[in-house]
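Asker:
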Amino acid sequence: MTTLGTIEELHEAASARAGLDDFGDPGYREPMQVLMESYVRDAGLTEAGMVRTKAMLGTVLETRLRLQQAYARWPQAGQVAIRRPIFVTGLPRTGTTALHRLLCLDPASQGLEHWLTEAPQPRPPRNTWDDNPDRRRMVESLTQHDAEKPEMKGIHFMSADMVEECWRAERLSFRSIAFQNTAHLPTYSSWLAGQDLAPAYDAHRDMLRMIGLNDPDRHWVLKSPSHLFGLDALMDTYPDALIIQTHRDPRTIVASVSSLVHTASKGTSTTYDAKQVGRNSLELWSRGAREFAKARERHDPSQFIDVNYEDFVADAPGVVARIHEQFGLPLHDEVRAAVTASHQKSLASERRPVHTYDLAGFGLTEAEVDAQFAGYVDGHFTTATPVS
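Reading the sequence shown from the start, the letters are residues 36 to 423 in the working numbering.
1. CB-CB under 7 Å to residue 303, same chain, minus the five flanking residues each way: which ones, in chain order?
2. If I measure Cβ to Cβ from residue 213 and keep anything under 6 Å in the same chain, skipping five residues before and after, which residues do I get?
3. In this structure, does DSSP put residue 144 in helix, strand or coil?
4. Buried or exposed for residue 329, going by 16 or more other Cβ atoms inside 10 Å?
5. Measuring straight from C-alpha to C-alpha, what distance separates residue 397 and residue 311?
6. Give the DSSP bridge partners of residue 392, in chain order.
7. The alpha helix (DSSP H) spanning residue 77 covers which residue range?
8. Measure the C-alpha to C-alpha separation of residue 168 and residue 233 and round it to an integer number of angstroms.
9. State buried or exposed for residue 162, treating a residue as buried only when at least 16 other CB atoms are found within 10 Å of its CB.
10. Suppose contacts are defined by Cβ-Cβ distances below 7 Å. Is residue 195 in contact with residue 173 by that definition?
11. Provide the residue(s) that pair with residue 343 in DSSP beta bridges, ordered along the chain.
12. My output table needs one value for residue 236: the three-state DSSP class, helix, strand or coil.
13. So what does residue 273 bridge to, in DSSP terms?
14. Pick helix, strand or coil for residue 209, following the three-state DSSP scheme.
15. When you compare the CB positions of residue 23 and residue 253, do they come within less than 7 Å of one another, or not?
16. In chain order, what residues of the same chain have a beta carbon less than 6 Å from the beta carbon of residue 208, not counting five sequence neighbours either side?
17. Going by alpha carbons, who is nearest to residue 400 out of 286, 345, 353 and 320?
18. Mind checking which residues open and close the beta strand (DSSP E) that includes residue 327?
Structure below.
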């Protein structure tokens with residue numbers, strides 16, 4: 036039976052694979068220990084789940100090693116300024132991924148390409164990517180992932196070159212809801228809820244500075260529902276950040292994200308069944324919406340834009356144009372055309388969403404979701420306190 040091993044054994048294995056030994060500031064070790072103990076105590080990992088979790092933890096450690104190596108080679112990255120970054124956030128399954136990818140079509144923007152989040156380095160010229168061994172490894176990994184879980188392509192399509200979510204940088208701190216979103220980790224979840232998320236955004240900024248070293252004049256466009264839990268830390272790190280919050284009917288959100296998580300985690304746990312996934316999803320994301328709404332009141336309203344899912348589906352190019360206008364960003368005709376073409380392609384290619392779900396399959400009712408999201412209107416809880 037595979038085990039996670041000790042924290043030291045995981046470090047030793049990561050060092051051996053990468054041929055490196057500098058993991059950077061050791062502040063991540065305590066949260067990593069809490070996380071590992073929660074996996075062992077709470078998660079009910081199967082053999083497959085243990086193998087996958089051990090590999091994931093190893094990937095995070097190897098990425099830390101790679102990032103430290105990059106800073107030793109390019110220390111000037113630490114001085115890169117990040118001005119007016121755009122963050123797309125909101126409850127999951129509200130169109131954040133599609134909107135993020137459309138906004139990144141502007142050549143004046145840049146995002147976190149998937150392969151670079153695990154091999155952080157100054158973004159090489161695009162015409163060299165095919166020969167880059169780090170990118171080739173990511174392509175091979177995603178090809179294997181698609182073969183093992185083909186149903187995931189219709190729920191959340193991924194490729195090595197597409198921009199991905201910020202949690203891939205935040206998790207280097209081991210303070211990220213990404214871990215509890217894919218496993219039953221009540222011990223870690225309770226611990227994380229009381230923690231300062233500044234270290235997560237320090238790790239985030241370190242990765243952005245390194246990857247963007249060769250593109251200092253392109254503005255960042257970033258995305259993750261995880262920012263619902265860390266708005267104050269985000270704004271402390273990026274005081275001039277511009278925030279896009281997406282919205283959708285919470286009943287649909289909870290059913291859809293439960294389906295995504297259940298599909299992704301199938302076979303990894305004896306305890307993380309459909310009903311547990313549903314309960315965890317409802318608790319996590321209703322709390323995230325409340326925390327973000329409360330934190331948003333402390334910041335300049337002019338730095339925020341709200342986007343309704345239905346409006347985005349009806350007129351995605353129009354929503355992109357509104358965002359550019361409100362944030363004072365130019366939108367050239369060729370970018371408008373690219374946005375329109377990409378949106379149409381996403382509806383007709385392998386990137387098209389193919390996903391069915393319902394609350395009942397996760398042991399939830401509409402009344403339970405309504406109670407937890409009572410008062411939720413465009414990101415603000417206006418009246419009732421959720422039922423516990």
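Note that the Cβ used here is the ideal one computed from N, Cα and C, for glycine as well.
Answerer: Result, derived from the coordinates:
1. Excluding positions up to five away in sequence, the list reads 80, 81, 83, 84 and 87.
2. Excluding sequence neighbours, residue 213 sits near 202 and 206.
3. DSSP places residue 144 in strand when its eight states are reduced to three.
4. It is exposed - the Cβ of residue 329 has fewer than 16 other Cβ atoms within 10 Å.
5. Distance between the alpha carbons of residue 397 and residue 311: 8 Å.
6. DSSP lists no partner for residue 392.
7. Bounds of the alpha helix (DSSP H) holding residue 77 are 64-77.
8. Approximately 33 Å, taken between the alpha carbons.
9. When all chains shown are included, residue 162 counts as exposed.
10. Between residue 195 and residue 173, the C-beta spacing is below 7 Å.
11. The partner list for residue 343 (beta bridge, DSSP) reads 282.
12. DSSP, reduced to helix, strand and coil, places residue 236 within a helical segment of the structure shown.
13. Residue pairing by DSSP places residue 273 opposite no residue, since no beta bridge is assigned to it.
14. When secondary structure is reduced to three states using DSSP, residue 209 falls in the coil class, being assigned neither helix nor strand.
15. Outside the shown range of the chain, which is 36 to 423, sits residue 23, and nothing can be said about it.
16. Closer than 6 Å at Cβ, skipping near neighbours: 63, 234, 235 and 238.
17. When only C-alpha atoms are compared, the closest one is 286.
18. Where residue 327 is concerned, there is no enclosing beta strand (DSSP E), although the alpha helix (DSSP H) it sits in stretches over 309-331.
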